[in-house]
Each structure stands twice: as structure tokens, then as C-alpha cells.
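S.K.: Dropping a structure here in C-alpha cells format, bear with me for questions.
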Amino acid sequence: MLSRVADNLYWMSRFVERAESITRMVEVTKDTYLESGREINDDEFWHSTLNALCAVEIFEADKIVKVDEFLLFSKDWSNSIRNCIFSARENARMVRDQLSDEIWIELNNLYLFFLDDDAQKVFNNRPSHFFLKVIRFSLVFQGLVDATVHHDEGWRFISIGKYLERADQTSRILDTLSLKYGESSRTDLISVLRSCSALSAYRRQFRGELSLRNVASFLLFSQDFPRSIRFAIRRIDSNLHEISGVPRGNFSNEAERLIGSVLAMVNFTDIDTLMASGLHQSIDDLQTKLIDVGQRIFEAYVLLPFENENIGQQRAAQSFVQQQ
Amino acid sequence: MNQSPFDDYQTDVFFDEMFGASKNHVPKDHYQKVFERINRLKDHEIEEKRRQADSSFLEHGITFTVYGDEEGTEKIFPFDLIPRIIPNAEWNQVEQGLSQRILALNLFLNDIYHDGKILSDGVIPEEIIKSSPYFRPDMVGFEVPKDIYVHVCGSDLIRDESGTYFVLEDNARCPSGASYLLENRAIMKKTFPQTFRGMFVRPVEAYPELLLKTLENLSPRKSQKPVCVVLTPGVYNSAYFEHTFLARQMGIEIVEGRDLIAIDGCVYMRTTHGLVQVDVIYRRLDDDFLDPTFFDKDSMLGVPGLMNAYLQGNVALANGIGTGVADDKVTYAYVPEMIKYYLGQDPILSNVQTYLCWREEDRKYVLENLESLVVKPANESGGYGLMVGSASSKKERQECKEKILANPRDFIAQPIISLSRHPTFCEEKIEGRHIDLRPFILYGEDIEIVPGGLTRVALKKNSLVVNSSQGGGSKDTWVLEN
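So the protein lines, in turn, are chains A and B. Residue numbers are given in the numbering used here: position 282 of the first sequence equals residue 282, and the series is strictly consecutive. In short: position in the second sequence from 1, add 324, done, that's the numbering used here.
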């Protein structure tokens, strides 16, 4: 397939996944705030969310004063839900011919919803309705991708985009715990699980009292839970090998080599070793590697081998900014 | 008594497509069923059907981009629910006329890029052709595949007060609108299914297949299935929707300049598994933007080296290079002569009478009669730069006069023709609005024209300009089986 098309599909998918994830975070954080007690003020409460999304400074510069509204509607922060949807649609518009009508219509409808004031109105009047709409959209989108397009190379790029973004987002959500002032409370742990839509799945695996160790272990290492980091990395690894045709366990480009090493790490590290070397540090390392994987995919499939290395570097800077 | 939406309808002095000249609104036979159906509609149903159609266009992203707007606003091309209907016999005549015309235009292009017989025989003055901005001296002597230059032509047809069809202009470069023709049909089938079924309308859905066949016919490589692509200027182009639509319907890649690369006289597209050679490019960019090493050096859209590959015959372009000289409005005036010269036939479709300002006697007449003429630049499209004498101010006429005197070659004038009108839903009621017709003519192994075309309608009252950039809308066009 066209290299640019692969790139567009990949980014379309990332932005949809990102919109869903940030929406969940905002919803859960708003909800948790209701029971956060009197000693915590608004700013402190949202600080760890902003921090995990690397949006502290840009929020301070933004016209919007409320954090939740900023995360949803900011025109200046490239990862606000609004901008994620706009970017997803822009990428989709460039590859209209690759998508089914159903996919386009869902995405375009949500874009139209954000384009006029509908979205803001719905959010003001019935926030739960708003969150449901965005999250449902993402789920329908994923369902349509699975059910209405060829599971060919393009579909694999869509899949890689989704899982790379998901691994990244799950790691950021988990990181809010290590960024909190002081010990994680029960409320914090529940809120993290809910942000990953993982509460009931977690309870099936770990009964009884919640602990940071178990929550981190679940979100990092669960074999079968589709929002765990290990699950996502396995999917990225298998999709990359499907694209190149090279058997798993081998590699034909840097993207495959790197994802293989990350996979080995999540397969063979246990939670206690990881906690001992510091949760935040480990998550940070993981995130850096995931960003690198994205860049290597771009180099392997979008750039031509003889093309100027500068383009690669520019693009690396760009994609880093987009992820931040 | 029930009110009919046609109650206050006036045909005025114009040729009305639906009604005869009498005052009591008797629809012509071929409009009877549609007339009855519309008559039965209640106000709120009309409103609802219009809303449904509009939101369907918006949802599907069937939009064009408005230039000069910071946000790159996408608008829907306004659509009117009352179909334009053409009886089969009438259409057959038009179809023959269009086929004759595209044959003559291609023979003309082949001639002027080779021996120039029509010029040396004095039928068309040589300086007129050589001074056209779209004449490409580089193409002289170049053999295009199958001697076809114009593979896709959109000729605009109008009807005068008596209902006679005329060709208003030919679009021999990158005519657009075919996607709207197809989408309009899809919407109408949903909106008035029974009426549609009962009328036996000739289908148009084959257009993308016919277009692909036309493209594949040009492939320089015969050993394998040709690789065809649609080349678009990109997502911000006003016709971007159409480009993706056609690519999707044909099942071929839509590419931008940056997706292609020319190496050693061949053109390749960049794929995730390396370079793939391209055989035929359906390009939706004008000549000037195709190759910065050959034409406009500042163009960011093109593919460096593309022209080299084209001239070596390793990649085919549709339409060919240099076809713009055939839709120069000065050349247009000579199409009837071309038909006689090359085909030995009388033109089936007439031209609108055209005054060429470079001819002294014509210029004199034009300058003395500006108020009753439409003055057009010879090489603009999209309705830009028109001066409609009857609707102009003294100052505009003066400016126009100065422009003509400064560059007589660049202007032509035509009598103001009262285009036929068609009942159209306006703000509150149905009113007559002026329309034209753009059929799409494909010239590959055979000449193929899907029945009808895009009917464009000037939505502003009394306006004669139907272009989408100037407040025009469109209608579905139903050509009936017998």
C-alpha cells in the first residue's frame, strides 16, 4: 500500500484511541473529585492528570480556565479531545478510499458534533452523556474497523496505531499514581482501574483489598486483558511481523527488533523487581521505548531508504510533540 | 382545498423545462409523474426531505472546500430535490452531438501538435492557436497513446428561449462534477423511490467503471494489469471529495505528488513494500503544476521528472498535456469549422454565437453593444471574470472596455442567452431558476457518455451563473428509457 496511506491510517487510529483514553480519564477524575474531601482544591486534584498528559504548561497558557474543559475543548493543545477528533478525521479524509462508508460516517458525525457548539452544550448539560458519546464512538469505530474493512496491511497499521497509543495511555494513567503527592489511596487505585475500564477485570484476578502492587501488575502484565501494556505490545509485535512476513522472534527492521525487546521485558520481568527499581522510572523508560518504536515504524515503511536522514529526524521531533 | 406548491409558479418569458407556455401549469408529458408527486408533498414533508438530503451530504462528507477561508471550510454543494428530466429521443440527439464534438476536438489537437493542416489551410488562424496560453510547443511532434488527447471532457450545454440546445463551452482539461452526478442519483433514489422506479430512468452508476476502462486503455505496458492512479493536488483542493470518490469507486490509489517519484524515466509510487511502477495517471491538476522541473518551478504539488517519463512514453496522462488550447474560448468559436473540416459533417449541436475581440469588426460590435452581451475571459473557468452586460454598472462596462482594448485576444463576447428555467425549491416556495447541463464524455476505445450529466442550477433569483463557486447548486438529471 502507499506509504503515506499507511501513515495516515496509523495516525487516524492513534488519535481515536487517544480521544477515548483522555475522555475516560476526565470522566473518572471528575467523578472521583466528588468524593475527594474538603482539603484538596481543584488545581491540586487535576495536577497529576495534567502532569501525566504533559499538559501543565500549555494549560496555564490556555484561555480556558477549567481543567476538564481544557482537556476536552482546547483549540491550542493538540491532544484535546476536540483536536484528536479533528486530527483523526483529517487523516481519514486523506484515505477516504481505504475506509468503509460506515467508518467515515461515524467519525465525520463526531467531527460535526464538535464543529458547532453541540459538544460544549451537551457537556454543560449532561456530562455523562457527553462522555458516553465519545467513548461509544471509539468502540463503534473499533468494531467497524474489525467488521467492515479488509484485514490486510492497512488494517494492521490501524491496529498498530491503536495498540501503541493504548500502551502509551495505560502507562500514563498508571503513572498518575507515582506522580501523586504521597501514598495512593483506595480511591486513587479505583480511579486508575476505571480509567482503563479495568475495574471488574481486575477484581476477577485479584480478590480482596486493592494494592498498588497488584494494580500495577495487572495493568502492566496481564496476559489477556486488552488494555494491559503486555497485551498491546504482543499485538504490535504480531502485526509488525505479519506486515513484513518475517517470523516472530526474528527481526527485519529496527521497529521489529525494538518491539521484540520491549516484549521480552514485559514477558520476563516480575512486578516486585520492577517496583524495586522505581515504578515511575520504569514507566518512563517504557514510554521512551514506545515512542522510539513509532519512529522506527515510520522509517521502515514510510521513508525510502535513500531519503535524507533529516526528514526522519524532523518527523521524530514532530511525532514526539504530537504524543506529548 | 389543498394548496399546491406550484400555485404561485411563474414561467415568465423563459423556456421552462417542466411546463408549457400556457398559464395554467400543465406539465409536459415526461414531467407528469414528478409533478404529481411534488404536488402531493406537504410543506413539512418538503422541509424534511430537504433536511434529510442535506444532512446525508454532510454526513458522507460530500463537500467542496471554500477557498480564502482560514478554517478551510467545507460546504455542501446545494442540492435541489426536483429532478431535471430529459426524454430519450432528445438525449440521443445530444449524445450524438457530443460524440461528434469530442472526435473533432481530438482530431484538432492531433493536427495542431503535428502537421497543423487546419492552420495551413487557413481554417483557423495560426496566431490564435500559438498565442493560447495553454498551447504547449513542447508537445509538437509527440505521439500520445492512441492519438487521444482529451479522454474526459465536460461540455456545458444550455437551452435558449425556444428550448434549442447549445454548447456553451468545452472543458477539456480537468472537468469536475462527476461525483455529484453519482451522489445526486443515490440521494434521489432514497428520496423518491417509487417515483423513480415508475419512470424508468436510465442508470448512471457505470461511470467509474467506464472511466477506469478509459484509463487502462492508455497503459504503455501491455504485459500486465495496468497500474492506474488518481493524482490529486491534496486534501485542501476544492474538488478533493471528488478525487477520493472516483478513486474509491474505481478501486485504484489516490496519490499526491509526494507519493510519486520519477526515476530514470519511469514513475513509481511509494508503498510500504518499496516502489511500484505506475502506468496511467488520471491527473486532476493542470499542466502547470505537474512537474516543477518542466513547468512552474515553484509548484509544490507535482512530481519532478514526471514529464520526462511522459515524453519517453513510459507513463500515460489523462487528459494529455496541452489540451487546454481546445477549451480556450477563442478556439471554441471554431469548433463548428473543425467538425466540417475533419469529419465533413454539419455540427449536430450548435455553438452560441461568439464575437472574438481580436477581430476588428467583432471588437467594434462588442464595444458598442456591451450592455446586451456577456463578456468572458478566454481562459478562465468556474465563472470567474464574467461581465454580464445587462446586470453591469457603467463603471464595470468601462473597466471591461479597457481590458478588452488592452488584450483583445483574451476576450470573447456572446449574446445574453436566457437559459431555460426549471422549477426549484427556493426559500418558501417553488420558483423557476436557470439551469445548464454538464455531461461527461469519455473517449477510450469507444466514446461513452453516461445518460444525462450534472444539471447545475443558479439558485440566486435571475442569476445566469450556475457555477458552484458563484452560488450554484445542482439537480439529478433523469434521462428516460423511451
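Even for Gly, the Cβ is constructed at its ideal location relative to N, Cα and C. Nothing here was measured: the structure is a model prediction, and the numbers come from that model.
#1: What do you get for B/Ala782, buried or exposed, if any count of 16 or more other CB atoms within 10 angstroms of its CB means buried?
#2: Measure the CB-CB distance between A/Leu290 and A/Ala167 and report whether it falls below 8 Å.
#3: Measuring only between beta-carbons, confirm whether A/Arg96 sits less than 8 Å from chain B.
#4: Beta strand (DSSP E) containing B/Tyr473: first to last residue?
#5: Quick one: list the residues of chain B neighbouring A/Glu153, beta-carbon separation under 8 Å, in chain order.
#6: Keeping to the same chain, check which residues put their C-beta closer than 6 Å to that of A/Ser178; ignore five residues upstream and five downstream.
#7: Identify whether B/Met463 lies in helix, strand or coil by the three-state DSSP scheme.
#8: Which two residues bound the contiguous beta strand (DSSP E) that contains B/Lys700?
#9: B/Leu422 and B/Leu673 - do their beta-carbons sit closer together than 8 Å?
#10: Do you know how far the Cα of A/Asp237 is from the Cα of A/Pro247?
#11: Contact defined as beta carbons within less than 8 Å: I believe B/Glu695 pairs with B/Ser714. What is the distance between those atoms, to the nearest angstrom?
#12: By DSSP, does A/Arg14 sit in helix, in strand, or in coil?
#13: Give me the Cβ distance between A/Gly161 and A/Ser13, rounded to the nearest whole Å; I'm assuming they're in contact under 8 Å.
#14: Determine whether the Cβ of A/Tyr163 lies closer than 8 Å to any Cβ atom of chain B.
#15: May I ask you to list the residues that DSSP assigns as paired with A/Asp285?
#16: Give the residues from the stretch 620 to 645 of chain B that approach chain A closer than 8 Å (Cβ to any Cβ), ordered along the chain.
#17: Could you tell me which whole alpha helix (DSSP H) segments of length 4 or greater appear in the stretch 137 to 193 of chain A?
#18: Here's the rule I'm using: 16 or more other beta-carbon atoms within 10 Å means buried, otherwise exposed. How should A/Ser277 be labelled?
#19: Identify the residues that DSSP records as bridge partners of B/Thr819: which are they?
#20: Could you please give me the residues that DSSP links to A/Arg213 through a beta bridge?
#21: What's the call for A/Gln295, buried or exposed, on a 16-neighbour Cβ count within 10 Å?
#22: If you reduce the DSSP assignment to three classes, tell me which class B/Tyr708 lands in.
#23: Can you tell me whether A/Gly260 is helix, strand or coil according to DSSP?
#24: Could you tell me if B/Asn495 is buried or exposed, where buried requires 16 or more neighbouring beta carbons within 10 angstroms of its beta carbon?
#25: At which residues does the alpha helix (DSSP H) containing B/Arg687 begin and terminate?
#26: Any beta carbon of chain B sitting closer than 8 Å to that of A/Arg4?
#27: Mind checking whether A/Ala88 and A/Ala147 have CB atoms under 8 Å apart?
#28: Note down the Cα distance separating B/Leu505 from B/Asp439, rounded to an integer number of angstroms.
#29: What is the DSSP secondary structure of B/Asn786, reduced to helix, strand or coil?
#30: Would you call the stretch 748 to 760 of chain B and the stretch 346 to 356 of chain B in contact, with 3 or more CB pairs under 8 Å?
#31: To the nearest whole angstrom, what separates the beta carbons of B/Ser380 and B/Ile511, a pair I think is in contact under 8 Å?
#32: Can you tell me whether B/Thr883 is buried or exposed, with buried defined as 16 or more other CB within 10 angstroms of its CB?
#33: Does A/Leu304 get closer than 8 Å to chain B when you measure Cβ to Cβ?
#34: Name the two residues that bound the continuous beta strand (DSSP E) containing A/Phe86.
#35: Hey, would you say the C-beta of B/Leu382 is under 7 Å away from at least one heavy atom of the ligand FMN?
#36: Work out the CA separation of B/His475 and B/Glu866 for me, nearest whole Å.
M.R.: Short version:
#1: Counting Cβ neighbours within 10 Å, B/Ala782 comes out buried, since at least 16 surround it.
#2: Against a cut-off of 8 Å, the Cβ pair of A/Ala167 and A/Leu290 comes out as a contact.
#3: True, the Cβ-Cβ gap to chain B drops below 8 Å.
#4: Counted as a single uninterrupted DSSP element, the stretch harbouring B/Tyr473 is not any beta strand (DSSP E), since DSSP gives it neither H nor E.
#5: The answer, in chain order, is Thr596.
#6: Answer for A/Ser178: Leu279 and His280, listed in chain order.
#7: Three-state DSSP puts B/Met463 in a helix.
#8: DSSP places B/Lys700 in the uninterrupted beta strand (DSSP E) bounded by Leu697 to Pro701.
#9: By the CB criterion at 8 Å, B/Leu673 and B/Leu422 fall inside the cutoff.
#10: In a straight line, the C-alpha of A/Pro247 is about 10 Å away from that of A/Asp237.
#11: Contact flag correct, Cβ pair sits at about 6 Å.
#12: Residue state, collapsed to three classes: helix.
#13: At roughly 3 Å, the Cβ-Cβ gap stays under 8 Å, so A/Gly161 and A/Ser13 are in contact.
#14: Chain B contact via Cβ: absent.
#15: Looking at the DSSP assignment, A/Asp285 forms no beta bridge with any residue, so it has no partner.
#16: From the stretch 620 to 645 of chain B, no residue has a Cβ closer than 8 Å to chain A.
#17: As far as the stretch 137 to 193 of chain A is concerned, its whole alpha helix (DSSP H) runs of at least 4 residues are 153 to 179.
#18: It is exposed - the Cβ of A/Ser277 has fewer than 16 other Cβ atoms within 10 Å.
#19: Residue coverage of chain B in this structure runs from 325 to 806, which leaves residue 819 of chain B outside it and unanswerable.
#20: Per DSSP, none; premise fails for A/Arg213.
#21: A/Gln295 should be labelled buried.
#22: Note: B/Tyr708 maps to coil in three-state DSSP.
#23: The three-state reading of DSSP puts A/Gly260 in helix, counting H, G and I together.
#24: With 16 or more Cβ atoms within 10 Å of its Cβ, B/Asn495 is classed as buried.
#25: Taken as a continuous stretch (DSSP letters only), the alpha helix (DSSP H) holding B/Arg687 covers Glu684 to Glu692.
#26: By this cut-off, A/Arg4 is an interface position.
#27: For A/Ala88 and A/Ala147, no; Cβs fall outside 8 Å.
#28: Their Cα atoms are separated by approximately 38 Å.
#29: Coil at B/Asn786, not helix or strand.
#30: No: fewer than three Cβ pairs fall under 8 Å.
#31: With 8 Å as the limit, B/Ser380 and B/Ile511 qualify as a contact, their Cβ atoms being about 6 Å apart.
#32: Since the displayed chain B opens at 325 and closes at 806, residue 883 of chain B lies outside it and no answer follows.
#33: Yes, A/Leu304 counts as interfacial toward chain B.
#34: It is not in any beta strand (DSSP E) - A/Phe86 instead sits in the alpha helix (DSSP H) that spans Ile81 to Met94.
#35: You won't find the ligand FMN in this model; it holds no ligand whatsoever.
#36: The structure shown does not extend to residue 866 of chain B, since chain B is modelled only from 325 to 806, so the question has no answer here.
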